[in-house]
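Below: the structure, in structure tokens.
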Amino acid sequence: DTPPAPSPPASNATLLGLAEQLAVVEGWRQGVNDALDTIWIVICATLVLMMQLGFAMLESGSVREHNVVATLAKNVLDVLIGTLTTCAWAFNL
Numbered sequence: 006d007t008p009p010a011p012s013p014p015a016s017n018a019t020l021l022g023l024a025e026q027l028a029v030v031e032g033w034r035q036g037v038n039d040a041l042d043t044i045w046i047v048i049c050a051t052l053v054l055m056m057q058l059g060f061a062m063l064e065s066g067s068v069r070e071h072n073v074v075a076t077l078a079k080n081v082l083d084v085l086i087g088t089l090t091t092c093a094w095a096f097n098l
């Protein structure tokens, strides 16, 4: 009854294989993080646009009937200017 022989130390080939696998996993993880960041930005942008619609309805209900079109046009212009400004500056940061 002899004790089992100790396992041999890891060879350089095994360590290089593990390093390659770790690099693959890190690359995959970075891709998932980028996708989650993009999804979060899209969700937040959708919520902001929904708030803009709600505010347009609130303003439309607060003015006389003949001023509703002007109020909605102002809100559409607000969204348009905000979107163009974001595209021009925020994505370049």
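If you're matching positions, the sequence shown starts at 6 in this note's numbering and goes up one per residue.
Where a beta carbon is used, it is the ideal one built from N, C-alpha and C, also for glycine.
* How would you write the range of the alpha helix (DSSP H) that Ala93 sits in, first residue to last? -> Val73 to Ala93
* Asked: What whole-angstrom Cβ distance do Asn72 and Gln57 have, given they're in contact under 8 angstroms?
  -> The pair is not a contact, with the Cβ atoms about 19 angstroms apart (cut-off 8 angstroms).
* Are there 16 or more other CB atoms within 10 angstroms of the CB of Ala61, so buried, or fewer, so exposed? -> buried
* Using the C-alpha atoms, what's the distance from Ile48 back to Ala24? -> Cα atoms of Ala24 and Ile48: separation of roughly 36 angstroms, rounded to the nearest angstrom.
* Under 8 angstroms, do Thr76 and Val84 count as touching if we go by C-beta distance? -> no
* So what does DSSP say about Thr7, is it helix, strand or coil? -> coil
* Rounded to whole angstroms, what's the CA-CA distance from Asp39 to Ile86? Just pull it up for me. => 27 angstroms
* Which of the three DSSP states, helix, strand or coil, is assigned to Arg34? -> helix
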